[in-house]
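See below for the structure under consideration.
Numbering (my numbering), first residue to last: 111 to 181.
And the structure:
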C-alpha cells in the first residue's frame, strides 16, 4: 500500500491501521531534505500509537526509490 497524507488529513493513519490484516505490517519510508520543515521529530511514532514498532530509524542517505534525491 502506498499512502501520502498532508497534515490536514490526520485521519489517514487511523485508516491505514484499520486496513491492516491481523498480524499485518505497515512499512513507511519517507524523506526529509527541504521537506524536513513539514515534519516534527518522532511524528510517525506519535501518528501510530496503537502499533508495535518493530524498527524505527532516521537516516540521511540517497533514497533508493529516487536516485539523486537525498533526505
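Glycine included, each C-beta is placed from N, C-alpha and C at the ideal position.
Contact annotation, residue 138 with residue 125: C-beta distance approximately 14 Å; criterion of less than 8 Å not satisfied.
Rounded to whole angstroms, the separation of the alpha carbons of residue 169 and residue 129 is 28 Å. Under a 10 Å Cβ-count criterion, residue 123 is classified as buried, with 16 or more other Cβ atoms of the shown protein chains found around its own Cβ.
DSSP places residue 172 within a strand segment (E or B) once states are collapsed to three.
Apart from sequence neighbours up to five positions away, the residues of its chain that approach residue 157 with a beta-carbon distance below 6 Å are 123, ordered along the chain.
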